[in-house]
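**Q**
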Amino acid sequence: MADVDTSTGVDGSTDTTDHRRRRTRNNTLRGRPPVAWLVVGAVLLGLQAGALASFVVGLLADSVAVFAGGGPLGTVTTLLRAAESTAQSLPTLLSRDLVSNQGYWNGTRWVGTFLGLEPAAAWGVRVALVYLYAFAVAGWAVVGYHLYRTRYRVADWTPRDDVIGRLRSHTWGIFGLIVVFMFIVMAVFAPTLGPTTVEENMRNSYEHELDYWNADTGEVETVLVGEANLDSQSRGNNAERVLPFQYDDYNRFHPFGTLPNGRDLFTFIAAGSRISLVIGLVSVGLSASVAAALAMITAYYKNRVDLGAVLVSDAIMAMPQLLLLIMLTSVLSNTWLNDIYSGGFLLAIIFAFTGWTYMWRSLRGPALQVAGRQWVDAAKGFGQRPSMIMRKHILPYITGYLLIYGSMTLGGAIISIAGLSYLGLGVAPPTPEWGRAINLGQDYVRTGSWHISLIPGLLITLVVTGFNALGDGVRDAIDPQSDAETAEQAGRGGGA
Amino acid sequence: MSEPPLLAVEDLVVEFTTEREVIRAVDGISFEIHAGETVGLVGESGSGKSVTARAVLGLLSSPGQIKRGQIQLQGTELTESGWDDHRGTISIVFQDPANSLNPVYTVGDQIVEALKIHQGLRGRTATTRAVELLEDVGIPDATARIDEYPHQLSGGMQQRVVIAIALACDPDILVCDEPTTALDVTIQAQILDLLADLQRDDDLGILFITHDMGVIEDATDRVNVIYAGEIVERAPTDVLFSRPAHPYTRALLNSIPGRTPPDAQLPTIDGEVPTPTGPASRCRFAPRCPEAFAACENTAPTHISIDTDTATKTPVSEEFDARESTVEQSSPSHGAGANEAATRQTNRSAACLLYEDSTVHQQPDSQ
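As you go down the protein sequences, you meet chains E and G in turn. Just so we're aligned, residue 1 is where the first sequence starts under my numbering, counting upward by one. Just so we're aligned, residue 1 is where the second sequence starts under my numbering, counting upward by one.
#1: Considering only residues of the same chain and omitting the five flanking positions on each side of A61(E), which have a CB-CB separation below 7 Å?
#2: For K116(G), collect the residues of the same chain with a Cβ closer than 7 Å to its Cβ; drop the 5 residues on either side in sequence, then sort them by chain order.
#3: In three-state terms, what does DSSP make of D263(G)?
#4: State the CB to CB distance for the pair I269(E) and W434(E), rounded to an integer number of angstroms; the pair is presumed to be in contact (CB under 8 Å).
#5: Which residues mark the beginning and the end of the beta strand (DSSP E) in which T210(G) is found?
#6: Taking C-beta to C-beta, are R109(E) and G103(E) nearer than 7 Å?
#7: I want to verify the contact list: residues of chain E whose CB lies under 8 Å from the CB of G88(G), in sequence order.
#8: Measuring only the C-alpha atoms, how far is D11(G) from L195(G)?
#9: When DSSP labels each residue in this structure, what does I92(G) get in the three-state scheme?
#10: Could you please give the first and the last residue of the uninterrupted beta strand (DSSP E) stretch that includes Y227(G)?
#11: Comparing alpha-carbon positions, which option in I216(G), V26(G), A351(G) and I92(G) lies nearest T38(G)?
#12: Taking 7 Å as the CB-CB limit, is F94(G) close to chain E?
#13: Where does H498(E) fall in DSSP's three states?
#14: Is A318(E) buried or exposed, if buried means 16 or more other CB atoms sit within 10 Å of its CB?
#15: Any C-beta of chain G sitting closer than 7 Å to the C-beta of V370(E)?
#16: What is the DSSP secondary structure of A367(E), counted as helix, strand or coil?
#17: Could you tell me which of L458(E), R373(E) and F467(E) sits nearest to A98(G), measuring between CA atoms?
#18: Within 8 Å, do at least three Cβ pairs link the stretch 410-421 of chain E to the stretch 272-285 of chain E?
#19: Which residues does DSSP list as the beta-bridge partners of N214(E)?
#20: Counting only beta-carbon separations shorter than 7 Å, does S62(G) have a partner in chain E?
#21: Apart from the five residues on each side of it in sequence, which residues of its chain come closer than 8 Å, Cβ to Cβ, to V127(E)?
#22: Considering only C-alpha positions, which residue in the set G46(E), G426(E) and T217(E) is nearest to N106(E)?
#23: List the residues of chain E whose Cβ lies closer than 8 Å to the Cβ of Q99(G), in chain order.
#24: Provide the residue span of the beta strand (DSSP E) that contains V22(G), from first to last.
#25: Could you please give the first and the last residue of the uninterrupted alpha helix (DSSP H) stretch that includes E227(E)?
#26: Cβ closer than 7 Å: which chain E residues qualify as neighbours of V104(G)?
#27: Which two residues bound the contiguous beta strand (DSSP E) that contains T249(G)?
#28: Please confirm whether Y355(G) has its beta-carbon closer than 7 Å to some beta-carbon of chain E.
#29: Just to make sure I have the definition right: I need the residues of chain G whose C-beta is within less than 7 Å of the C-beta of H254(E). Which are they?
#30: Would you list, in chain order, the members of the stretch 433-461 of chain E that have their beta-carbon closer than 8 Å to a beta-carbon of chain G?
#31: Classify K116(G) as helix, strand or coil using the three-state DSSP reduction.
#32: If we call anything under 7 Å between Cβ atoms a contact, is L59(G) one with L7(G)?
#33: Does any CB atom of chain E fall closer than 7 Å to the CB of L266(G)?
#34: Three-state secondary structure (DSSP) at T302(G)?
#35: Count the other C-beta atoms from every protein chain shown that fall within 10 angstroms of the C-beta of R475(E), then say buried if there are 16 or more, exposed otherwise.
#36: For G411(E), which of helix, strand or coil comes out of DSSP?
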């Protein structure tokens with residue numbers, strides 16, 4: 001890549017045409033596709049091909065099943081299910097089976113774990129592999145973008161380059177990006193990361209067995225998972241409590257300790273992160289689309305349309321949000337909506353319903369500004385349709401703001417979801433949710449089982465901070481002038 | 001001039017309703033554009049030039065509103081049928097090319113966007129046509145330029161691209177709203193030449209809006225001088241420059257740099273354009289007019305046809321100055337339309353009491 005820079009800068013010519021020609025010529029000279037980059041991509045993809053295939057096929061099968069019910073599409077569903085099981089049998093690097101931490105001590109060595117390592121080490125290897133893989137994919141994407149920018153893109157500079165440059169030098173934003181990325185990886189790889197599974201450890205614990213080394217009898221014995229859980233409960237200062245990074249009496253390793261009901265806290269949190277992320281993304285996605293569509297429509301048509309939207313959003317904002325959330329969750333709790341995704345979908349809709357107003361308010365200004373630009377008039381002048389003007393000439397300018405407010409709202413949504421499940425509303429048990437872990441542990445905060453509330457609490461704080469930091473970073477990157485503005489606001493807030 | 005005009009604007013009134021007042025930015029403007037001719041609209045900032053352009057294109061944004069009048073495009077009344085079916089027949093070139101191009105799309109994309117709508121071209125044919133258009137507007141190396149973003153082009157090039165987009169709509173009329181104001185003088189001349197060439201090739205009618213009298217002299221066939229929302233004088237360009245009739249036009253011409261002797265101070269017009277808030281009850285230029293007399297303060301002048309020869313007579317203003325007004329308080333709006341229609345045929349008219357019917361103003365002893 002260095003040679004590109006020197007070859008374009010060598011004669012110091014600033015004429016764009018020459019520059020462009022040279023760039024094109026260089027491309028034809030160096031016309032090879034980025035083979036190495038593609039090979040690395042294929043290898044990375046291949047490592048997880050099985051998981052990816054089974055995910056895609058499974059998603060297809062699920063959606064077909066939802067829409068088809070029985071009928072002629074029933075056979076399609078069956079076929080897809082068959083394909084799904086085939087896909088599941090494909091090997092993947094990051095699977096629980098390949099790097100297993102679930103084994104037992106037979107008196108002399110560990111049986112059933114990865115390379116005979118002790119479970120903690122095997123689990124650590126798996127987590128490290130997952131994160132290594134994730135960062136490798138991210139790095140691969142970054143390198144790909146860089147290749148495209150320096151070698152294949154026609155324009156040598158676009159305004160976006162500066163945005164990315166500013167984000168890269170924004171330490172706080174990078175911190176947020178890393179936290180958010182790790183949170184997303186946790187959500188995506190939740191089943192792989194947990195030392196055990198939700199199915200085995202929580203949902204159907206009395207249908208699964210495990211082998212363990214019984215120290216009293218000096219033999220390997222078999223016990224139901226549910227019964228083992230009963231002996232690993234963390235309830236205050238009891239002797240059986242399992243603190244973070246400890247083994248319970250059944251040779252099981254608990255990175256974050258256990259819950260008061262003996263279940264594994266890390267598995268709970270990993271699965272809960274997926275729920276939080278999905279609900280958060282769906283709700284932010286919904287409210288962002290409503291807000292963006294409305295912002296463009298009100299900016300384009302102004303006047304009465306705008307006034308109507310202001311009235312509606314003011315009315316919604318005037319209602320106390322938490323009370324509204326509680327009311328809607330309980331009123332709608334017996335409807336079919338509440339059955340989708342353990343009530344998570346209902347939560348997402350409710351958050352979207354209350355959340356779009358704030359986002360629309362934030363987008364309205366920028367959208368109005370863009371709608372007043374001359375190229376919008378020019379497009380109107382040559383007869384472009386209003387919907388196309390909004391999509392082509394207004395939307396690109398508010399997507400940046402969508403990113404910022406989306407990122408910040410996502411943090412807020414995660415807090416709200418946790419808050420609701422802390423109150424016993426929202427996501428139905430036994431589906432894991434961070435807020436419920438805090439609720440479960442709150443009686444033991446001042447006892448020896450302090451970890452139950454503390455760890456999820458810290459994680460929520462960290463993740464939400466991460467989302468906000470990312471939002472800050474993106475905002476400063478998109479609009480460098482906004483820095484002064486926030487400082488001013490902060491000053492005002494301090495004075496008041 | 002026997003064939004019907006491409007565009008006929010008749011008694012156009014545009015009002016901006018704000019909470020404090022109603023501003024009449026355009027007050028009863030009428031003009032026509034025929035195929036192959038360039039009609040100028042000249043006036044200072046705030047005189048209503050751009051509002052007229054936007055009204056003609058149906059681009060007025062709230063709170064601006066067409067209150068009265070007709071805009072006929074090739075016989076279709078646009079204020080009734082709406083602009084949507086006639087987009088492209090009339091295209092606009094805005095003042096600031098950097099702002100009329102969307103910075104996130106390549107110039108090719110933006111030309112193709114217009115081509116898609118107006119000529120139904122897609123894919124490779126559209127790109128080929130876009131390259132042709134760029135060549136037509138005089139952009140060298142068009143095949144390469146088509147993939148560039150607006151910021152990679154100079155101001156003059158950008159304005160050429162804007163013109164190419166306007167041409168992609170295959171227009172009959174081009175409205176140029178100060179197309180050369182943001183450009184330096186050499187580029188300005190090139191753009192004017194380009195417009196003239198295009199006009200010759202396609203028999204375009206051009207409405208040329210500017211505040212620059214020099215540009216008007218170069219580029220237009222006929223001129224309408226606009227002041228505070230009203231056209232105060234209309235004349236063929238050469239006549240306007242050689243024998244200006246309205247005091248405002250004379251003042252404007254006097255204030256062109258380079259026409260005064262080198263050591264003399266450049267004359268200016270004191271004061272500024274008033275903001276019209278209702279129907280005119282007097283001559284709006286009167287407070288700034290060096291030739292105003294008492295009647296100007298209470299009578300709104302209507303357009304008087306001026307014979308090209310007689311207009312050369314010395315304006316009779318001095319005779320009016322000392323005299324107390326004996327003008328009847330005739331309502332100016334009565335019969336204005338009929339008067340307008342009649343005067344437009346003669347090609348030359350001015351809205352000034354200096355040329356008002358002599359029976360009204362002139363007293364026997366003035367002969």
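The beta-carbon is built from N, C-alpha and C at its ideal position, and this holds for glycine as well.
**A** Working from what's here:
#1: T77, L80, R81 and E84
#2: R122 and A126
#3: coil
#4: 7 Å
#5: G205 to T210
#6: no
#7: F382 and G383
#8: In this structure, the CA atom of D11(G) is about 28 Å from the CA atom of L195(G).
#9: I92(G): strand per DSSP, three-state reduction.
#10: R222 to Y227
#11: I216(G)
#12: Chain E, which has a Cβ nearer than 7 Å to the Cβ of F94(G), makes this yes.
#13: This structure gives no information on residue 498(E), because the portion of chain E shown stretches from 1 to 496.
#14: exposed
#15: Answer no: the Cβ-Cβ gap between V370(E) and chain G never drops below 7 Å.
#16: helix
#17: R373(E)
#18: Inter-segment contact for the stretch 272-285 of chain E and the stretch 410-421 of chain E is present: three or more beta-carbon pairs are separated by less than 8 Å.
#19: E219(E)
#20: yes
#21: Closer than 8 Å at Cβ, skipping near neighbours: L193.
#22: T217(E)
#23: According to the sequence as given, residue 99(G) is Asn; it is not Gln. Within chain E, the residues placing a beta-carbon under 8 Å from that of N99(G) are R373, Q374 and W375, ordered along the chain.
#24: V22 to I33
#25: Residues V225 to L230.
#26: Correct list: P396.
#27: Careful: T249(G) lies outside any beta strand (DSSP E), inside the alpha helix (DSSP H) at P247 to N254.
#28: no
#29: Here the premise fails: no neighbours, minimum Cβ distance about 52 Å.
#30: none
#31: In the structure shown, K116(G) sits in a helix (DSSP, three-state: H, G or I).
#32: no
#33: no
#34: coil
#35: buried
#36: helix
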